[in-house]
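Number of protein chains: 2
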Amino acid sequence: MTELTERQKTLLILIIRDYIESAQPVGSKRLAEHYNIGLSSATIRNEMGALTEMGYLRQPHTSAGRVPTEEGYRYFVSQMMNQAELPASIQATISHQFYQARPGVEHWMTLAASVLANQSQGVSVVTAPHTEKAKYKHVELISTQGRQVLMVLVMAGGELSQQILTLAEPVSQERLSQTASRLNGLLAGLAVDAIAALPSRADSLDQDILTIITQDMRRTSESVSGEIYTDGLTNVLSEPEFAESDDARRALKLFEERSTLQDLLARTTINSNVGGLQVLIGGEGEWEELRQCSIVLARYGVPGMATGMLGVLGPMRMSYARTIPTVRFVARLLSDLVSDNIVGE
Amino acid sequence: MTELTERQKTLLILIIRDYIESAQPVGSKRLAEHYNIGLSSATIRNEMGALTEMGYLRQPHTSAGRVPTEEGYRYFVSQMMNQAELPASIQATISHQFYQARPGVEHWMTLAASVLANQSQGVSVVTAPHTEKAKYKHVELISTQGRQVLMVLVMAGGELSQQILTLAEPVSQERLSQTASRLNGLLAGLAVDAIAALPSRADSLDQDILTIITQDMRRTSESVSGEIYTDGLTNVLSEPEFAESDDARRALKLFEERSTLQDLLARTTINSNVGGLQVLIGGEGEWEELRQCSIVLARYGVPGMATGMLGVLGPMRMSYARTIPTVRFVARLLSDLVSDNIVGE
DNA sequence: TAATGGCACTCTCGCTTTGAGAGTGCTAAT
DNA sequence: ATTAGCACTCTCAAAGCGAGAGTGCCATTA
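So the sequences go chain by chain: A and B. Residue numbering for the first sequence follows the working numbering, beginning at 1 and increasing consecutively. Residue numbering for the second sequence follows the working numbering, beginning at 346 and increasing consecutively.
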């Protein structure tokens, strides 16, 4: 694939921009009229021919305008990756929303998903901060009724896990508190492997709880991501390219089922770092359901401590110019939030 | 509106059943051929005319078959309300799923939503158990880092609320535990009003936490329902009646926005009791977005202690015969779960 | 020699036309 | 009371048709 001339670059970007706005194949005449490039439609036609030859454009049928190929989008995105800051006014609005939201990971995630969905008019997904090597921080045991006990386990990084246990026999709150306090002393800062390696406890209640804690921490460690929040599922339904086919339905289904979504996130972001930003165009051959879609993804958090993902799904002709800066900005914002509020070891 | 003859009843139910299956206007000839009622198409035509006259049926255009009106559906539903148990095998499958799910309200809700969505092929919604008069049960304060403190508040009925607090200055875990323990002693079993009426505490940390607890409990008391879980958003998109118009999108949007959904649940179930079951057909004039939809709703839980809602949204021609028993069964199941695991006072 | 104007050609899209099919209501006969 | 028959109505899908938009190519221009 040969180099693009300066003029071809300008033209290509113009075409893609126009197509993103209008959702309709763009022709040479329309281009020449609407934008005052100093070129006639004939010249543009020639260049379009060249761009088509090189694989950046495509014509739906012999006599329609041109439409960007995945390759074209990829070029387009690579061009705007570096620049493109979110307007200060929008930054302020978003920051403000976070500032006055109720504190708590849960609310931040919901808010982040909502902001992303609204700004980008796409489907957003945010995963809660998560550590791969869970470390013990604190446990609480709260007697509820009879043999029921509510266990709240806090891990370093801030992840929480709650569970209702049913004990073999009723136990007083006092005894539960003592057990919790003993375990807190014993386990503070330990990773799951270290805990598993500990000798059995003499007290049988202590031992039971310890076992459950280990299970719980293992489960947390093994899961690929924290809880998943989505928003804007319906946004994408109004896009014209999804009006007819049920491609949209299938893509949404993918996003609704957490397990497959987790899989997708895991596979695609295995090598993406905090601060980085990744754009998947057309499913990249991997995901049949996403043939017509693009995803903008970023990782946020404090590497090694707790990180999460956030992203936006939209039609392939989504407004990258709007989505990419938004994702980047929200990622930074969440990173700050995490590092400010992280639960230390 | 005069009485229906026995034959008219049979016919009406047959017609609706057929329409629910086929999604197409049903004509007299088709009816006479497929079901062996001992009647000719002409007779059926006459009866259909009568039923149309009475408002139970409608013809989309002069020469198409008949389609049920909302009134028709209402009659149909009222007929099946009493009978209709879920097949034992399905009951067993569902129970089994709950049995082997991880314990915890959060997981039960997710599972309930999933079961409802799958069984009914509609959009499901489940709200977590919630009490209107929140009573204090327990608080935990966990020091995280510097001035950050994680507060976990447990209320009678089992509702949880977590929050990250930022104190004015760092406080040791020991002092936090003492505060928590003092407050637990002081507040056990109290309702929010009683707590608000308490005299100020001497210790300023105690007082600060107390204020936050009060706020939190008030917020919980005021909210109409517990957290909302949904599933199956995409199910409804494959229905033929939503293929073209964006009615589906609007209905889904309604379900995606928790605030409006809460409003809907609040308004429609204000007078429905645990055990009862309510079917909203065509939005009942109240909800423009739901003109083409029906909702099957039930309340579950222990009245006075903690109750929640669950329901299914589908097209007006949803399979009531499948949905109604499922909703009823899951409601019973959740009620049992709540009363078994309720956090006592 | 790069850019342009002109022209013949192609293909889609929206419009109307048309005929088959399904369903109805009415009436006369059983 | 039920049914067979018939004329009538209306939708839906297929087919035909013309306008419009866009293309590629070639001769001409600056």
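Even for Gly, the Cβ is constructed at its ideal location relative to N, Cα and C. All of these numbers come straight from a predicted model, not from anything done at the bench.
Taking 9 Å as the CB threshold, A:GLN121 stays off the interface with chain B. Against chain A, the beta carbon of B:SER684 has no neighbour under 9 Å; the closest one sits roughly 10 Å away.
A distance below 6 Å between beta-carbons, with the five flanking residues on each side excluded, links A:THR260 to the following residues of its chain, in chain order: LEU254. Cβ contact annotation for A:MET48 (same chain, cutoff 8 Å, sequence separation greater than five): LEU11, ILE15, SER28, LEU57 and ARG66, in chain order.
Here the alpha carbon of B:CYS638 sits roughly 7 Å from the alpha carbon of B:GLY628.
A direct Cα-to-Cα measurement between B:PHE587 and B:TYR645 gives close to 31 Å. Taking a C-beta distance under 9 Å as the contact criterion, B:ILE640 and B:VAL422 do not qualify as a contact pair. Under the three-state reduction of DSSP, A:GLY275 is assigned to coil, being neither helix nor strand.
A distance below 9 Å separates the beta carbons of A:SER120 and A:MET318.
Contact of B:GLY449 with chain A by beta-carbon distance below 7 Å involves GLN162, GLN163 and ILE164.
With contacts defined as CB atoms closer than 9 Å, A:LEU210 and A:ARG201 qualify as a contacting pair.
Beta-bridge annotation (DSSP): A:GLN145 is paired with A:GLN148.
In this model, B:LEU550 and B:VAL497 are separated by some 16 Å (Cα to Cα). In this model, B:ASP681 and B:PHE443 are separated by some 11 Å (Cα to Cα). For the pair A:GLN262 and A:SER223, the CB atoms are nearer than the 9 Å cut-off. Residue ranges of uninterrupted alpha helix (DSSP H) with 4 or more members, entirely inside the stretch 548-588 of chain B and ordered along the chain, are 549-567.
In the DSSP assignment, B:GLY656 falls within the unbroken beta strand (DSSP E) covering 651-660. Below the 9 Å Cβ cutoff, chain A contributes LEU233, THR234 and LEU237 as neighbours of B:LEU597, in chain order. Residue pairing by DSSP places A:ALA298 opposite A:LEU277 and A:LEU310 in a beta bridge. Put simply, the CB of A:LEU150 is near chain B, with a gap under 9 Å to one of its CB atoms. Not flagged as an interface residue toward chain A: B:ALA368, since no C-beta distance is shorter than 9 Å. Interface annotation, A:LYS135: not in contact with chain B, CB-CB separation never under 9 Å. Below the 7 Å Cβ cutoff, chain B contributes LEU578 and THR579 as neighbours of A:GLU256, in chain order. Scanning chain B for C-beta atoms nearer than 7 Å to the C-beta of A:ILE142 yields HIS483 and VAL499, reported in chain order. Given a length threshold of 4 residues, each whole run of the alpha helix (DSSP H) inside the stretch 352-382 of chain B is given here in chain order: 373-379. In the DSSP assignment, the residues bridged to A:THR127 are A:ILE228. Proximity of B:ASP591 to chain A, defined by a Cβ-Cβ separation below 9 Å, is satisfied. Think of a sphere of 8 Å around the beta carbon of A:ARG249: the chain B residues whose beta carbon falls inside it are THR579, LEU582 and SER583, in chain order.
Between A:LEU116 and A:LYS9, the alpha-carbon positions lie close to 30 Å from each other. In this chain, B:SER434 is not harboured by any beta strand (DSSP E); it is covered by the alpha helix (DSSP H) spanning 433-444.
Annotation for A:ALA180: VAL139, GLU140 and LEU141 place their beta carbon closer than 7 Å to its own, counting only its chain and skipping 5 residues before and after. For B:SER506, the enclosing beta strand (DSSP E) starts and ends at 505-511. Residue contact with chain A for B:GLY503: present (Cβ-Cβ distance below 9 Å to some residue of chain A).
Counted as a single uninterrupted DSSP element, the alpha helix (DSSP H) harbouring B:TRP453 occupies residues 450-465.
Annotated as distal: B:THR455 and A:GLU256, with beta-carbon spacing of 9 Å or more. DSSP places B:TYR420 inside the alpha helix (DSSP H), whose first and last residues are 415-426.
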